Structure formats: C-alpha cells, structure tokens
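Reviewing the structure listed below.
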Amino acid sequence: MKKWFVKNSKKDFREFAKKHDISPVIAKLLINRDIDDKDVESFLNPTFENSCHNPFLMKDMDKAVDMIIDSINNFEHIRIVGDYDQDGNSATMTLLDGLMLFTDNLSYAIPNRVDDGYGISKSMVDCAKEENVDLIITCDNGISAFEAIEYAKSLDMKIIVTDHHQTIKDEEKGEILPKADAVVNPQRSDCEYPFKSLCGAGVAFKVMQGLYEKLEGDKEYLMDLLEYVAMGTVCDVVDLLDENRFFVIEGLKRLNETQNYGIKSLVKETGLKTEINTYALGFIIGPTINASGRLSDASKAIELFLEENIDVIEEHAKELVSLNTERKKMTEDGYEKIVDSIYREEQQDRNILVLKDESIHESIAGIIAGRIKEKYNRPTLVFTKSKTEGVLKGSGRSIEGYDMYEKLAEVRELFVSFGGHPMAAGMSIKKENFDELREELNRKDGLTKEDLIPRIYMDSSLYANKIDFNLIDDINKLEPYGKGNSRPIFGDKNLIIEKIDVLGKNQNVLKFNFNVRGRSIEGIMFNDIEDVLEKLKVKFGEDDLKKSFLGLPNDNTVDIVYYPNINTFNGVSKLQLIIKDIR
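Each residue of the sequence shown is one higher than the last, beginning at 1177 in the working numbering.
As structure tokens, this is what we get:
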C-alpha cells in the first residue's frame, strides 16, 4: 500500500501567479518545484541566452579549450575516448561532430563493456600511442582512471578529462583528481560552475561552447550538437532543470527536424510513429542505442551517426533494433529468474535484496536491479559472473533514504572494487564474500518500516470534472518532465465507478468509466492490475466488483492519484485520466 502526500508550500501561489502573469495552477506547480522568481522566465521559456552559463566558469575549461585549439592549429591527432552507454555515445558524438568543423584529424575509441570494463584503460592508451595520437579527450569517464591517465602522461601524451561523475575522496587526502593536463568536471570541489547536474554529453557540449566562443564557430552548427546532448541528458536521468531543460527542449526540436540520416533511420526502424519526445528518447531510442554497448560493440551506434552510405546506415539501424529486441528478451528472462530466487532463497522479507544468478548477462544486471527495486521498493543488488574466475560482478539500485554508495563504503573490505552514487552503484566481489555481503548490508541497513513504504507526492487535489483541454495545455508548459521536474500529479476523491474493462494484448490495462460529480470521464491504469483488482475486491466485495465489470448500477467509489491527458485516436481527441494509484 502506497502512502499519499500532498506537497504543501506556504508560499502564496496567487501572488506568485499575479507577479509573473501566469495561471494559479502553473504558479502552484512552479512553487512545488522550488522555482524562484528569478528562474520563472528561463524555466517556462528557456533560451540559449537565459539558460546557458558561461562555460569558462568551469574549472580547467580555459586550459582544456586552449589545448584543443593548440592541437587544431598544429594539425595534431585528437582522439575521443567515450563510454559504452547512451550518455557516453552522446558525449563522444558531441565532441567528434563539434570538432569536425575545425579539423579532420580525429578518431574515437569506446571501451568494450566485458573485455575492457568502464572508461579509459592502459591498453587503450597503448593503442592511441601506436596510432600516433597526440591529444586524448575523455568524455563521460576518466575522473577515476588514475592509472591509465598517469600511464598516458608517462608516454608524453596530452590528455584532457571531461566527466560528470563524482570525484574520488579519501578520508586523509581529501579529493583526488587524475593527473591529466586538464580535468573538466562540475563535480570538482574547487569548481564554482553554478549547475552541477550535467551529464557527460552536457559537459562535452560546454567544452564545445567554449571552443566555439574562442574560435568564433558557427553557432547554428553548435546548436545542432544538442541533438546528441538531449539524448544523453534524458537517458542518463540527470535533473531536467537549469540549462539541461534548454538542452532537451532545443535538442528535441532539432531531432524532429534532423538531417542526420542515422537518426532518421533509427527512428524509422524502431517503428516510432509520433514525434520524438522525452519518452521516445528514454524508452525507445536510448535503449536501442544502448543495446550495442550492452551486447556487442558500442561503436556500432557511433558509426550509425557518422556513416554517409544510406544502405550501410539502414543496416546499422536494423542491427541495433535487433540487438535491443534480444536485450529485452534477455532482461525479461533474467528478471523472472531473479524474482524466483527471492522466494526460493527466502529473501522477500529482507530490507536489502542482495541477489545473484550467474546465467544473467552482466550488461543487464543494472536493468534487472532497477525493476526489482521498483517492484519491492527495496535497495537491490544483482550479481552475475564476470570474466574473472571466482569473481561476481554486480549492479545496485536504491530507494530514497538509502545512500547506496555510503552503505557499500561501510563494507568496502568485502569488494574487489566498487563505485557509484547514492541511488546506483557497480561493484565486483569474490564469490566467497557474497553471503557475508548480504548479511552485513542487512545488518547495517538503518532502514525503518516507514522507509520501505512507497510514497506518492501529489501537487494538489484537483477535481477531475473541472479539467479541460486548456488546463492540460497550461500544465504541459512544464514539459519536458523527468528527474527534478516530475510530471504534475493530482488527487481526487469519491469517483463513482460506472464500468471497468481489462484491455491490452497482455491483459495488463484497466479502463475505468467514472462518474465524477455528474460528468463521465475515462481513466486508464497500466501495470500491476492484478494487485489493483485484488484491492478493489477486498474493498467492495466480489459481487459488487462484478457489477462494475458488467456496467450495472453500483455504489463503488474510489479515490485516485492521476494526471490528466489528451488521448487522440483517428483524429478525435478526448480527455483521459492516467491513474497512478487507486484506493
């Protein structure tokens, strides 16, 4: 059972609305998202001028840009070293495409997830040296690659780190940075950049922004790089606030008008029928691009964007979609195995779920951990075999109130390696330490029963019968939604159920016809419908619930948490309530 809360700010939303000439509903939503007076305009109408900060406020940015200019002027070979996930791909393309305006002496390298592991490695440095690379620029990695970077410097190579991950901190030495020529990362403790929540592609864009300012590059060309940055920003689930909001809005606009045939071909091959929006990036396009890094070679996605031969592009797109289809099946199979193991090993009542199945591909352990975390609202670690004999590799996903990185650090002696942040982590452990890890994390969990109850935070109560198309259009001024700017949701009470239907190929959709204070409104609920129907059966009794399914007169009423939606089918639009919870 989820707990419902209504966000409650003491700020006068009517006065706020009057001051900024906006509706009271929008005023309340902005206040709930802690948008200050000075940020209202840039939030509702973001532009490059009112949203993008001076890139040279970022520590080492001037040093990095000057080094790149020096390499361009001296016709030096520049290599971009990215990462195998969507953000790493996006960051790589942002730098590659951005630099192409000034030089063609460029190359890139992406580590293989299984063979190389995360980030730049000594073997990649060796390869760069053999191929006469003069300057290495990392993106979405490098902040913890001390050994590889020190090795590159020992070979007299120049190296710039661009990254957005947390810096490494030592109890005695404090913050430790790699010994690169420049380290551009807003997470640095000595970096005064005003916005810290950039993704890897966002940091790469700031480097290009600085370069284009100094070299007076074509601003339109620079803005086109936001196609990649929008993908990375959405898929890496960073806060959709501040300049990230501009990156995504402007990037989506350009993606929908893109001249990149690789993007066009991928959109076509995925079967996307609507315009590209944040959902399409996060749940269709992003996972398809990610599939190459999970199951094959991440450079396949880069080649899709760089290739000029249309036939080859279409083959690349087909291959990525095929890989993603395979990834989805592997994920579903792995998820079912892990769920079975929870009950087989009697873990369902543990506060921390530490699980393993050595048949799972290591690239999908994080996805499965995320799904288990969502289902049980428990911090979850999923382990599988690694390429190192006797070592398990794992991914963790957390809930609010449980700092996973901090808790793993308390038992660091059990790990071969680990890293991450409060909500997610990756780690390796010797097999013989698995059981001890499970016990220790549960012994030290610090969680209460209250912490494990899922919570829903509503923006306000809102009578569903008062909603119209204009109000929905007004609410949607807050798009794009995501981390830091969640979709506005509302609550309403005592809706009479006139009819219930079960829909969908997999019978996983509930359709309600409500009578809301004399007005008939449709409600739709996805997923967990068995739990919902069981809850309604307990509330109304089996006979009265049957009346709702048959559309017979009844006294069945419910309270709902929902968001209003406009559903358009065959050119006809109608109001619909998307139900997030019901009681």
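Note that beta-carbon positions come from the ideal geometry of N, C-alpha and C, so glycine has one too. Quick caveat, the model's predicted, so the values are computed rather than measured.
Measuring only the C-alpha atoms, how far is K1440 from L1271? 21 angstroms
Report the rounded CA-to-CA distance for T1564 versus K1607, giving the unit in angstroms. 11 angstroms
Measure the CB-CB distance between I1478 and T1314 and report whether it falls below 8 angstroms. no
Between the C-alpha atoms of I1207 and S1604, what's the straight-line distance to the nearest angstrom? Each residue's alpha carbon lies about 43 angstroms from the other.
Using the rule of at least 16 other Cβ atoms within 10 Å of the residue's Cβ for burial, across every protein chain shown, is M1177 buried or exposed? exposed
Here's the rule I'm using: 16 or more other beta-carbon atoms within 10 Å means buried, otherwise exposed. How should L1726 be labelled? exposed
Within its chain, find whatever has a CB closer than 8 angstroms to the CB of S1199; leave out the 5 residues flanking it on each side and keep chain order. A1193, D1650
So, at 7 angstroms on beta carbons, what are the nonlocal neighbours of E1534 in its own chain, with the 5 sequence-adjacent residues on each side left out? T1560, K1561
By alpha-carbon positions, which one of F1322, E1307, E1490 ends up nearest to K1345? Ranking F1322, E1307, E1490 by Cα distance to K1345 puts F1322 first.
Going by the CB atoms, is the gap between K1756 and I1632 shorter than 8 angstroms? yes
Where F1459 falls, given that 16 or more other Cβ within 10 Å makes a residue buried: exposed
Contact between the segment 1322 to 1337 and the segment 1298 to 1307: three or more CB pairs below 8 angstroms? yes
Which two residues bound the contiguous beta strand (DSSP E) that contains G1595? 1591 to 1597
Give me the Cα-Cα distance between R1364 and T1343, rounded to the nearest whole angstrom. 6 angstroms
7 angstroms Cβ shell around Y1437 - same chain, five flanking residues per side excluded: I1486, I1489
If you pair each beta-carbon of the segment 1627 to 1646 with each one of the segment 1701 to 1712, do three or more pairs fall below 8 angstroms? no
Inter-stretch contact at 8 angstroms, needing at least 3 Cβ pairs: the segment 1728 to 1739 / the segment 1659 to 1672: yes
Do N1420 and G1376 have their C-beta atoms within less than 8 angstroms of each other? no
Is there contact between the segment 1576 to 1593 and the segment 1611 to 1626, where contact requires at least three CB pairs shorter than 8 angstroms? yes
Rounded to the nearest angstrom, what separates P1598 and V1515 at their Cα positions? 24 angstroms
For S1247 versus D1332, is the C-beta spacing smaller than 8 angstroms? no
Beta-carbon separation of K1758 and L1751 under 8 angstroms? Just to set this straight, residue 1758 is Ile in the shown sequence, not Lys. At a Cβ-Cβ threshold of 8 angstroms, I1758 and L1751 do not count as neighbours.
Sheet register partners of S1696 (DSSP bridge): N1691.
Measuring alpha carbon to alpha carbon, tell me which residue in I1643, F1745, D1720 is nearest G1697. Looking at the sequence shown, residue 1697 is not Gly but Ile. Of the candidates I1643, F1745, D1720, the one whose C-alpha sits nearest the C-alpha of I1697 is I1643.
C-alpha gap between F1278 and L1387, whole angstroms: 10 angstroms
Is the segment 1228 to 1237 close to the segment 1283 to 1291, with three or more CB pairs under 8 angstroms? no
Would you kindly report the start and end of the unbroken alpha helix (DSSP H) that includes R1547? 1541 to 1552
How many Å lie between S1498 and S1266 at the Cα? Taking the straight line joining both Cα atoms gives about 21 angstroms.
In chain order, each alpha helix (DSSP H) run of at least 4 residues that lies wholly inside the segment 1624 to 1690: Qualifying alpha helix (DSSP H) stretches, in chain order: 1645 to 1651.
Which value, in whole angstroms, describes the spacing of the CA atoms of M1384 and M1237? 10 angstroms
Return yes when the Cβ of K1390 is within less than 8 angstroms of the Cβ of M1234, no when it is not. no
Rounded to whole angstroms, how far is the Cβ of T1362 from the Cβ of K1355, which I believe are closer than 8 angstroms? Looking at the sequence shown, residue 1362 is not Thr but Pro. Not quite, the Cβ-Cβ distance comes to about 20 angstroms (not below 8 angstroms), so this is no contact.
Going by beta-carbon coordinates alone, are T1454 and P1222 separated by less than 8 angstroms? No.
What residue ranges within the segment 1453 to 1531 form continuous alpha helix (DSSP H) runs of no fewer than 4 residues, ordered along the chain? 1462 to 1471, 1475 to 1482, 1486 to 1520
I'd like the span of the beta strand (DSSP E) that includes D1310, first residue to last. No beta strand (DSSP E) holds D1310; DSSP gives it neither H nor E.
Between A1406 and G1393, is the Cβ-Cβ spacing less than 8 angstroms? no
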